[in-house]
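A.B. asks: Here it is, the structure in full.
Residue numbers (this note's numbering): 1 to 179.
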C-alpha cells in the first residue's frame, strides 16, 4: 500500500536519475510563489526519491503525476564558444490527480487541473483500478556550480545516500581522465 507518511507505515520511494543525479523531493513547500521567493535563503530539506502515494482515513491515494524540475547552470566560456549547460539538481513534485479531473485539449495534450480544485486519485486495493500516469518537465536556471551539485544530496537527513553512485562516478572520472 502507499505510504501514509507516518513512521508506522512503510515508505515506497521510487527512484529516478537524470545526468547521474538521483531525484529528490523538496519537503518544504510554500503556499504561493511570492512566499517561496521571500524564503529562498532558508535551508531546504529533501528526501531521496518520491513517495508513491499516501493514506488518509484508511483510504489509499496514488501520486500519478510527477512534475520534474531540472536545475541547470551555465558554465563560463570564452568568447566565440557555444554556451555549456550542466544539470545541477533534479527535483520532483509528486501529485495525486483523479482520472475524472484530467482533461485532454484539442491537440491531444493532457491538461491538468488547478491544484486547489483537483481531487486526489484514490485506489481501491480490492478491485482493478483505471489509472492514468502523467509527467511534466520544467527547466530552471540555478546559481549552483557543477562542482557543488552533490551538496543537496550529501546534506539530506535521510541516511539512504547514494554512496555507490558517488563512488562509481568518481571511478569513471578517474578511468576517463587516466593517462
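For each residue, glycine too, the CB sits at the ideal point set by N, CA and C.
Can you say whether residue 108 is buried or exposed, counting buried as having 16 or more other CB atoms within 10 angstroms of its CB?
C.D. replies: Exposed, by the Cβ-count rule.
A.B. asks: Could you tell me the alpha carbon to alpha carbon distance between residue 158 and residue 137, rounded to whole angstroms?
C.D. replies: Bear in mind that the predicted position of residue 158 carries a pLDDT of just 47, short of 50, making it unreliable; the figure below should be weighed with that in mind. Straight-line Cα distance between these residues: approximately 25 Å.
A.B. asks: Rounded to whole angstroms, how far is the Cβ of residue 89 from the Cβ of residue 146, which I believe are closer than 8 Å?
C.D. replies: 11 Å between Cβ atoms; not a contact.
A.B. asks: Could you pull the DSSP bridge partners for residue 150 from this structure?
C.D. replies: In DSSP, residue 150 forms no bridge with anything.
A.B. asks: Between 144, 133, 75, which has its C-alpha nearest residue 52's C-alpha?
C.D. replies: It is 133.
A.B. asks: Taking 8 Å as the threshold, find out whether the region 68-88 comes into contact with the region 99-107 through three or more Cβ pairs.
C.D. replies: Judged by Cβ distances under 8 Å, the region 68-88 makes no contact with the region 99-107, as fewer than three pairs qualify.
A.B. asks: Smallest Cα separation from residue 18: which of 54, 178, 27, 139?
C.D. replies: Answer by Cα proximity: 139.
A.B. asks: Which partner residues does residue 22 have in the DSSP bridge list?
C.D. replies: According to DSSP, which records beta bridges pairwise, residue 22 is partnered with 17.
A.B. asks: Helix, strand or coil: how does DSSP classify residue 176 here?
C.D. replies: Helix at residue 176.
A.B. asks: Using the Cα positions of residue 129 and residue 144, report the straight-line distance between them to the nearest angstrom.
C.D. replies: C-alpha separation (whole angstroms): 42 Å.
A.B. asks: For residue 13 and residue 50, which I take to be in contact (beta-carbon distance under 8 Å), what is that distance rounded to the nearest angstrom?
C.D. replies: The pair is a contact, with the Cβ atoms about 6 Å apart (cut-off 8 Å).
A.B. asks: Rounded to whole angstroms, how far is the Cβ of residue 48 from the Cβ of residue 95, which I believe are closer than 8 Å?
C.D. replies: Actually they are not in contact, since the Cβ atoms of residue 48 and residue 95 sit about 19 Å apart, beyond 8 Å.
A.B. asks: For residue 166, name the three-state secondary structure that DSSP assigns.
C.D. replies: Reduced to three states, the DSSP call for residue 166 is helix.
A.B. asks: Measure the alpha-carbon distance for residue 78 versus residue 20 and round it to whole angstroms.
C.D. replies: C-alpha separation (whole angstroms): 27 Å.
A.B. asks: Keeping to the same chain, check which residues put their C-beta closer than 7 Å to that of residue 149; ignore five residues upstream and five downstream.
C.D. replies: Contacts found: 21, 88, 89.
A.B. asks: Which stretch, first to last residue, makes up the beta strand (DSSP E) that contains residue 63?
C.D. replies: Element bounds for residue 63: n/a, residue is neither H nor E.
A.B. asks: Can you tell me which of the three DSSP states residue 171 falls into?
C.D. replies: It is helical.
A.B. asks: Could you tell me if residue 126 is buried or exposed, where buried requires 16 or more neighbouring beta carbons within 10 angstroms of its beta carbon?
C.D. replies: So residue 126 ends up on the exposed side.
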